[in-house]
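**Q** Everything in the sequence shown is counted per the numbering used here, starting at 68 for the first residue and increasing by one.
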Amino acid sequence: KLDSKKTEEQQKSITELIRSTVLVYTDIVSLTHFVDSSSKKLTLALGCADGKMLLADPHELIPTNTDPSAIPTFNTVDEHDGAIVAMLVTKTYLFTCSTDCTCAVYSLDMLTRPKVILIGHSEEVTCVA
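Have a look at this one:
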């Protein structure tokens, strides 16, 4: 039988976690996922309106029974000056496209800096295939 008071407390904790995370990262506009080649763990890549890309283990986004109020941590990559509106993952690369008229190409082995930045687009880059 479910303890309704405990369930209500857990729901409040989850709501607070979501609220605090959303307050920090209010404008997530694109999302993709891949398996990290070194750790073999699933990784989420979130493209934000401010040009940042957030990388996170999706399991860290789920509150645990031991600390339901823990705020997830993100690794942040900041290479674009505009919103990251499209992302694509292949076996070896992650592509990000931005309203700053550029695309960044990252090696999945090293996501801290892009391998190359594609410039010269005359308009916002809104998709990648």
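From the three backbone atoms N, C-alpha and C, an ideal C-beta is built for every residue, glycine too. Note that this is a predicted model, so its numbers are computed, not measured.
1) Which term fits L121, buried or exposed, when burial requires 16 or more other beta carbons within 10 angstroms of its beta carbon?
2) Kindly indicate which residue of K158, C170, L111 and L155 has the alpha-carbon position closest to the one of D148.
3) In the DSSP assignment, what are the bridge partners of D145?
4) How is H126 classed by DSSP in three states: helix, strand or coil?
5) Thinking C-alpha only, which one of L178, L128 and L109 is nearest L161?
6) I need the DSSP call for H188, collapsed to helix, strand or coil.
7) Along the chain, where does the beta strand (DSSP E) containing S165 start, and where does it finish?
8) Using DSSP bridges, identify the partner residues of S97.
9) Between R180, V183 and T159, which has its C-alpha nearest S105's C-alpha?
**A** Considering the structure as presented:
1) buried
2) C170
3) D145 pairs with K119.
4) helix
5) L178
6) coil
7) First-last of the beta strand (DSSP E) with S165: Y160 to S165.
8) G114
9) The residue with the shortest Cα to Cα distance from S105 is T159.
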